[in-house]
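The sequence shown runs 51 to 494 under the UniProt record's numbering.
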Amino acid sequence: HCFSSILLDDSIHNTEEADEEDVVDLAANSLLNKLLRQSLVESSHRVEVLQKDPSSPLYSVKTFEELRLKEELLKGIYAMGFNRPSKIQEMALPMMLAHPPQNLIAQSQSGTGKTAAFVLAMLSRVNTLELFPQCLCLAPTYELALQTGRVVERMGKFCVDVQVMYAVRGNRIPRGTDVTKQIIIGTPGTVLDWCFKRKLIDLTKIRVFVLDEADVMIDTQGFSDQSIRIQRALPSECQMLLFSATFEDSVWQFAERIIPDPNVIKLRKEELTLNNIRQYYVLCENRKDKYQALCNIYGGITIGQAIIFCQTRRNAKWLTVEMMQDGHQVSLLSGELTVDQRASIIQRFRDGKEKVLITTNVCARGIDVKQVTIVVNFDLPVNQAEEPDYETYLHRIGRTGRFGKKGLAFNMIEVDKLPLLMKIQDHFNSSIKQLDPEDMDEIE
Ligand code: ADP
Numbered sequence: 051h052c053f054s055s056i057l058l059d060d061s062i063h064n065t066e067e068a069d070e071e072d073v074v075d076l077a078a079n080s081l082l083n084k085l086l087r088q089s090l091v092e093s094s095h096r097v098e099v100l101q102k103d104p105s106s107p108l109y110s111v112k113t114f115e116e117l118r119l120k121e122e123l124l125k126g127i128y129a130m131g132f133n134r135p136s137k138i139q140e141m142a143l144p145m146m147l148a149h150p151p152q153n154l155i156a157q158s159q160s161g162t163g164k165t166a167a168f169v170l171a172m173l174s175r176v177n178t179l180e181l182f183p184q185c186l187c188l189a190p191t192y193e194l195a196l197q198t199g200r201v202v203e204r205m206g207k208f209c210v211d212v213q214v215m216y217a218v219r220g221n222r223i224p225r226g227t228d229v230t231k232q233i234i235i236g237t238p239g240t241v242l243d244w245c246f247k248r249k250l251i252d253l254t255k256i257r258v259f260v261l262d263e264a265d266v267m268i269d270t271q272g273f274s275d276q277s278i279r280i281q282r283a284l285p286s287e288c289q290m291l292l293f294s295a296t297f298e299d300s301v302w303q304f305a306e307r308i309i310p311d312p313n314v315i316k317l318r319k320e321e322l323t324l325n326n327i328r329q330y331y332v333l334c335e336n337r338k339d340k341y342q343a344l345c346n347i348y349g350g351i352t353i354g355q356a357i358i359f360c361q362t363r364r365n366a367k368w369l370t371v372e373m374m375q376d377g378h379q380v381s382l383l384s385g386e387l388t389v390d391q392r393a394s395i396i397q398r399f400r401d402g403k404e405k406v407l408i409t410t411n412v413c414a415r416g417i418d419v420k421q422v423t424i425v426v427n428f429d430l431p432v433n434q435a436e437e438p439d440y441e442t443y444l445h446r447i448g449r450t451g452r453f454g455k456k457g458l459a460f461n462m463i464e465v466d467k468l469p470l471l472m473k474i475q476d477h478f479n480s481s482i483k484q485l486d487p488e489d490m491d492e493i494e
């Protein structure tokens, strides 16, 4: 933490040298994804289920009616436009709504319906006659907590006696206030404060505990420990639910520490592949030369929309200015922007208002813009050791096999970077052809 604040200071004082690479901020990306999400993300994989008691029958539901929800909750679900449970909800909802309550660890990529599922569980378990916190949901940031709260408000639109409150920094509660809201959504630090120091929440009365975005949570210093302290004070009959978009070992270890006797549900994500992408490279002398090559490609083929990746903010800015001066309509997406600004740029691009999006690694992952026909690596993705960053390469260029239309990818390579490109080619065992930028006939 100290380290990052030192870096931050540095960048303020040395704006001249602000040639940073954008680091991927998990919480910001997650929020961005939510702001941009238009519908459910599909997966062709089957949901994997690991029951804590393998001998008990495994229920799944195909309709929301089968769940025997309160009338007003069902109305809320339909008012949101949901017709049937998503793939993960089919398995998760019966477990989450079972009597006695069952604990659950669920992993699936963002957009598959996790939030809607646990919001439904919380709403269905609230006793509206009791005016104290009954459901507690931990989120990694203030903004993410608000997003979840919005879902509670939309889904609970007809549950008029259910209310939400945010335990986030800045939400000041006067001394002596009695918290009467049944659902509390907050960040670990403030929730801890409200529970132990200020005694606004009585943890022994919590019935449902949700830990959302566990992967983002453990990425933030202190949040794992704070979450565990909160969890330790919950009654044993409290239902505990944990959600994560990814499942590295670290998330898994944390999940097992914090959720006793869990059922586990996983939905693997669609794999990215380079199979239906034609990849090319152009050898260049320097930055100017790369730009020239880019212009030739631009002049040589019909391009729908393009995303151009640069390794540093400075390069991205430089390229944006060059292209604008040459009369192209481009927009720049980089880490200096707020999440709202990023969302609006991506939305404009999706709507076709700009043809070219220039970006740094902030945008390499997660943000799908399906109509993009070409991707350009103006700089190759490399890691700190100046080795190729294979993951990022795949995320920039790859498509999911199932939805993948054919795509084109161009790598602008300075001669000394050629060995890196060859490593990438070997790593993915897929060919990257050299292109003479004066002769575009090779492409089509
Ligand atoms: P996650 O928490 O996994 O990111 P969300 O619960 O936010 O996923 O759902 C992603 C999107 O799909 C949201 O726009 C949400 O409103 C919508 N959604 C969720 N469940 C359903 C459903 N059963 N039917 C239709 N849309 C749904």
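Quick reminder that beta carbons are idealized off the backbone N, C-alpha and C, glycines included.
Verify whether the separation of the beta carbon atoms of N411 and T370 is less than 9 Å.
no
Do M133 and ligand 1 come close, with the Cβ less than 8 Å from some heavy atom?
The sequence given here places Asn at residue 133; Met does not occur at that position. Yes, ligand 1 has a heavy atom inside 8 Å of this Cβ.
Kindly provide the ranges of any beta strand (DSSP E) runs that are 3 or more residues long and lie completely inside the region 274-312, ordered along the chain.
289-294
List the endpoints of the continuous beta strand (DSSP E) containing A142.
Run containing A142: none in the beta strand (DSSP E); it sits in the alpha helix (DSSP H), K137 to M146.
Just to confirm, does R87 get its C-beta within under 8 Å of one of the non-hydrogen atoms of ligand 1?
yes
The alpha helix (DSSP H) spanning E122 covers which residue range?
E121 to A129
Three-state class that DSSP yields for S80 in the structure shown
helix
Would you say I138 touches ligand 1, meaning its beta carbon is less than 8 Å from a heavy atom?
yes
P190 and F273 look like a contact to me (Cβ under 8 Å); what is the Cβ gap, rounded to whole Å?
7 Å
What is the residue span of the alpha helix (DSSP H) that C345 lies within?
R337 to G350
If you draw a straight line from the C-alpha of T423 to the C-alpha of Q391, how long is it?
24 Å
Reducing DSSP to helix, strand and coil, say where A459 ends up.
strand
Which one or two residues does DSSP pair with residue 10 in a beta bridge?
What is shown of the chain runs 51 to 494, which leaves residue 10 out entirely.
Same chain, Cβ closer than 7 Å to R334, neighbours up to 5 away in sequence not counted:
Note on residue identity: the sequence assigns Cys, not Arg, to residue 334. Hits under 7 Å: K340, A343, M462, I463 and E464.
For N427, count the other beta carbons within 10 Å of its own beta carbon; 16 or more makes it buried, fewer makes it exposed. Which is it?
buried
Cutting at 7 Å between CB atoms, please list the residues of its own chain near E436, excluding the five before and the five after it.
none
Shortest alpha-carbon distance to D299 belongs to which of D269, C288 and Q281?
D269
Here's the rule I'm using: 16 or more other beta-carbon atoms within 10 Å means buried, otherwise exposed. How should G199 be labelled?
buried
Start and end residues, alpha helix (DSSP H) containing T240:
P238 to L242
Compare the Cα-Cα distances from L170 to each of S481, P144 and G236 and report the closest residue.
P144
Looking at chain D, is there any beta carbon in it that lies within less than 9 Å of the beta carbon of K473?
Considering every chain present, this structure includes no chain D. It has just one protein chain.
Taking only three categories from DSSP, how would you classify E464?
strand
At a cut-off of 8 Å, is A129 close to ligand 1 when judged by its beta-carbon and the heavy atoms of the ligand?
no
N64, buried or exposed, once every other Cβ within 10 Å from all chains shown has been counted against 16:
For N64, the predicted structure reports a pLDDT of 36, less than 50, and the residue's modelled location is therefore unreliable. A value from the coordinates is still provided. That one is exposed.
Between A343 and ligand 1, is there a pair consisting of the residue's CB and a ligand heavy atom that are separated by less than 8 Å?
no
Measure from the alpha carbon of N221 to the alpha carbon of each residue in M205, V241 and G206, then state which is nearest.
V241
Judging by CA-CA distance, which residue of L470, D439 and V314 is the nearest neighbour of D103?
V314
Is it true that the CB of I280 sits closer than 9 Å to the CB of L196?
no
Assuming N153 and M290 are in contact, meaning their beta carbons sit under 8 Å apart, how far apart are those beta carbons, in whole angstroms?
5 Å
Roughly how far, in whole angstroms, is the beta-carbon of L430 from the beta-carbon of K403, given that I think they are within contact range, below 8 Å?
Wrong, their Cβ atoms sit about 29 Å apart, outside the cutoff.
Helix, strand or coil: which one does DSSP assign to E98?
strand
Here's a check: name, in chain order, each residue in its chain whose Cβ is nearer than 6 Å to the Cβ of M172, leaving out the five neighbours to either side.
C185, I233 and V258
For my contact list, T230 and L181 are in at a C-beta cut-off of 8 Å; report their separation, rounded to the angstrom.
4 Å
Report yes if the CB atom of residue 513 is closer than 9 Å to the CB atom of I395, and no otherwise.
In the structure as shown, the chain begins at 51 and stops at 494. Residue 513 is therefore absent and cannot be evaluated.
Excluding the 5 residues preceding and the 5 following A283 in the sequence, name in chain order all residues of the same chain whose CB lies nearer than 6 Å to its CB.
L253
The beta strand (DSSP E) spanning Q484 covers which residue range?
I482 to Q484
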